[in-house]
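To keep things clear, I will list the structure first and then write my remarks on it.
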Amino acid sequence: MRPMNFDPAEKLSESEIEDTWSVLSADERAEAFCLLGREEAQDFFLKISVDDRAQIIRRLPEGEKRLWLRLLAPDDSADLIQHSPDEERSMLLNLLDDQNRREVNVLLTYKQDVAGGLMNPHFARVPPDLTADEAIRYLR
Numbered sequence: 018m019r020p021m022n023f024d025p026a027e028k029l030s031e032s033e034i035e036d037t038w039s040v041l042s043a044d045e046r047a048e049a050f051c052l053l054g055r056e057e058a059q060d061f062f063l064k065i066s067v068d069d070r071a072q073i074i075r076r077l078p079e080g081e082k083r084l085w086l087r088l089l090a091p092d093d094s095a096d097l098i099q100h101s102p103d104e105e106r107s108m109l110l111n112l113l114d115d116q117n118r119r120e121v122n123v124l125l126t127y128k129q130d131v132a133g134g135l136m137n138p139h140f141a142r143v144p145p146d147l148t149a150d151e152a153i154r155y156l157r
């Protein structure tokens, strides 16, 4: 089944998919997503809701699931896994490399709506002798 009014021979633009996203079924969304070019797909994937990400991931081949899951920050991966059916969670965790899997497992121990469940375990470190302005420039 191809998405409504989409020509499978053509790549779609991100704006074309955004315009029709709300009226597409979950299967049509996944198919439309696959018609995006790689860079547009990455941008689009990072913009959509965690529920939409989970629906797309669920419908992709395993190798593709791995690529898209690894694109996410650990806190976003944890959210996606929490929004996936229980029977798929361990499979999704196993798609992550060891370091990310450990970080995501720690985040999964927190409830979704508390600080621990919302945080990204990666942080920036600045030299202690910098002024606030210097620290901001350093981080940019």
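Residue 123 in my numbering is what sits at position 106 of the sequence shown, and the numbering runs on without skipping anything.
Cβ coordinates follow ideal geometry from the N, Cα and C atoms, glycine included.
No experiment lies behind these values; they were computed from the predicted model shown.
Inter-residue CB distance, residue 62 and residue 55 (contact presumed, cutoff 8 Å): Taking the sequence shown and counting its residues from 1, the one referred to as residue 62 is at position 45. Taking the sequence shown and counting its residues from 1, the one referred to as residue 55 is at position 38. The Cβ separation is near 11 Å, so there is no contact.
Distance, residue 120 Cα to residue 95 Cα: Along the sequence shown, one-based indexing puts residue 95 at 78. Along the sequence shown, one-based indexing puts residue 120 at 103. Each residue's Cα considered, the two are about 9 Å apart.
Nonlocal neighbours in the same chain, by C-beta distance under 7 Å from residue 152, ignoring five residues either side: Looking up residue 152 in the sequence shown gives position 135. 143.
Exposure of residue 104, with buried meaning 16 or more beta-carbon neighbours within 10 Å: One-based indexing of the sequence shown puts residue 104 at position 87. Residue 104 should be labelled exposed.
Proximal residues to residue 132 (C-beta, below 8 Å), its chain only, five neighbours per side dropped: Position 115 of the sequence shown holds residue 132. Interpretation of residue 132 is limited by its pLDDT of 46, a score under 50 that renders its predicted location unreliable; no figure is taken from the coordinates.
Reduced DSSP category for residue 53 - H, G, I as helix; E, B as strand; rest coil: As a first step, residue 53 must be located in the sequence shown, where it is residue number 36. DSSP places residue 53 in strand when its eight states are reduced to three.
Contact under 8 Å by Cβ, residue 59 with residue 88: In the sequence shown, the residue the question calls residue 59 occupies position 42. In the sequence shown, the residue the question calls residue 88 occupies position 71. Taking 8 Å as the Cβ cut-off, residue 59 and residue 88 qualify as a contacting pair.
Cβ-based burial, residue 49 [other Cβ within 10 Å; buried from 16]: Mapped onto the sequence shown, residue 49 falls at position 32. The residue in question, residue 49, is buried, as its Cβ has 16 or more Cβ neighbours within 10 Å.
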